[in-house]
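Sequence order for the protein chains is A and B.
So for the first sequence, our numbering puts the first residue at 17; every next one is plus one.
So for the second sequence, our numbering puts the first residue at 371; every next one is plus one.
One structure is given below, encoded as structure tokens.
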Amino acid sequence: MFPKNEPERADTAASETLTQAGEEVPREQRRAPMLRLVLSNDVNCYDPAAAGSPMASTLHQPFHRAAMLDRAQQARIGQMLRSAFSDVAEAPVPDRFVELLEALQTKESSRDR
Amino acid sequence: MTVEPLPLDRAMLRLIPNLRAFAVSLCGNVERADDLVQDTLLKAWNHLDSFEEGTNMRAWLFTILRNTYFSDCRRRRREVEDDGSKAANLAVHANQDGYVDMQDFREALNTLPPEQREALILVGAAGFSYEEAGQISNCAVGTIKSRVNRARARLSEMLHLSSEDFAPDPQTEAIMARAGGGGVGRL
């Protein structure tokens, strides 16, 4: 059995995490919610707007932060993609293509006649 | 006001820079890209009857180009793995990005599976919608989305685009300062 003081040490925040998980946690992981709570502070996910609300409501914040980074990465990749694309798109058209289209057009109009 | 449609050859000529950019990004090799563009123009010209006037000629030409590229790849599978060095050379004059230079980026792009690369270029560089990209690649919108996501994820991994590369905005900084008041280190 658990030591009697365990649930008290885990305090309300931890029990909320347990409730949130919605399932029986194996004994050896009983203290994990505590750890998770500390971690969620470590990544500076604390939302001042939610200051008055129960701590459980900020537990999803790391995901928000991940999404934020993800957008920054996407913006970065998008920027490089467009840059790689426009390098070529802004280069002059090689003569071979101009000549090719002229030849095709000439062939077409001589066929029309 | 009505706009007189361009003669087809003029319209095609105007789209060549875009086609070349797509082809280079797709195959990572300028010479092969120009061969692809040439094949595309010839096929387009010979199948002008399959082009509906008033529809998106750019999407039509992109479709022909990518079909040519993928059937080429199937025929000469060994050449799919281009090293991209020629494309990289072409990019030397490009504006230097702060963190990742364009050559590294092109090399990373070239290591993606061709379908993922294609989806990423169509949506991320050529400015097509997911729907249009799906029509060009002849696949479902969901497939395009998942290819784009996987391509982005792999690129950020390859280019080591991690949180360290992004300075937090002032608001985040303020929150971090407050939350870090208790001596909690930044991750």
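Virtual Cβ for every residue (Gly too), placed ideally from N, Cα, C.
Among B:F498, B:A393, B:L490, B:R476, whose alpha-carbon lies nearest the alpha-carbon of B:N437?
Distance from the Cα of B:N437 is smallest, within the candidate group B:F498, B:A393, B:L490, B:R476, for B:A393.
Residues near B:W430 by beta carbon distance below 7 angstroms, same chain, minus five either side:
Once the five neighbours on either side are set aside, the close Cβ partners of B:W430 are F421.
Report the CB separation of A:L97 from B:I491 in whole angstroms; it is logged as a contact under 8 angstroms.
Approximately 7 angstroms separates the beta-carbon atoms of A:L97 and B:I491; this is inside 8 angstroms, confirming the contact.
Through-space distance from A:S102 to A:Q95, alpha-carbon basis:
Whole-angstrom Cα-Cα distance: 11 angstroms.
Give, in chain order, every unbroken run of the alpha helix (DSSP H) that is at least 4 residues long and sits entirely within the stretch 386-423 of chain B.
Qualifying alpha helix (DSSP H) stretches, in chain order: 400-416.
To the nearest angstrom, how far is it from the Cα of B:D405 to the Cα of B:L482?
Computed Cα separation, rounded: 22 angstroms.
Can you tell me the Cβ-Cβ gap for B:I434 and A:F113, rounded? I've got them flagged as a contact below 8 angstroms.
Actually they are not in contact, since the Cβ atoms of B:I434 and A:F113 sit about 15 angstroms apart, beyond 8 angstroms.
Name the residues in the stretch 372-406 of chain B whose C-beta lies less than 7 angstroms from a C-beta of chain A; which are they?
Of all residues in the stretch 372-406 of chain B, D379, M382, L383, I386, P387, N388, R390, A391, V394, S395, D404 have a Cβ within less than 7 angstroms of some Cβ in chain A.
Backbone secondary structure at A:P110 - three-state DSSP
It is coil, neither helix nor strand.
If we call anything under 9 angstroms between Cβ atoms a contact, is B:R517 one with B:E477?
For B:R517 and B:E477, no; Cβs fall outside 9 angstroms.
Any Cβ of chain A within less than 9 angstroms of the Cβ of B:V450?
Summary for B:V450: the model assigns pLDDT 46, below 50, so the residue's position carries little reliability; its value from the coordinates is reported in the next sentence. Under the Cβ criterion of 9 angstroms, B:V450 is not counted among the residues facing chain A.
For chain A, check one thing: does any of its Cβ atoms lie closer than 9 angstroms to the Cβ of B:S526?
Taking Cβ atoms only, chain A reaches closer than 9 angstroms to B:S526, which makes this a yes.
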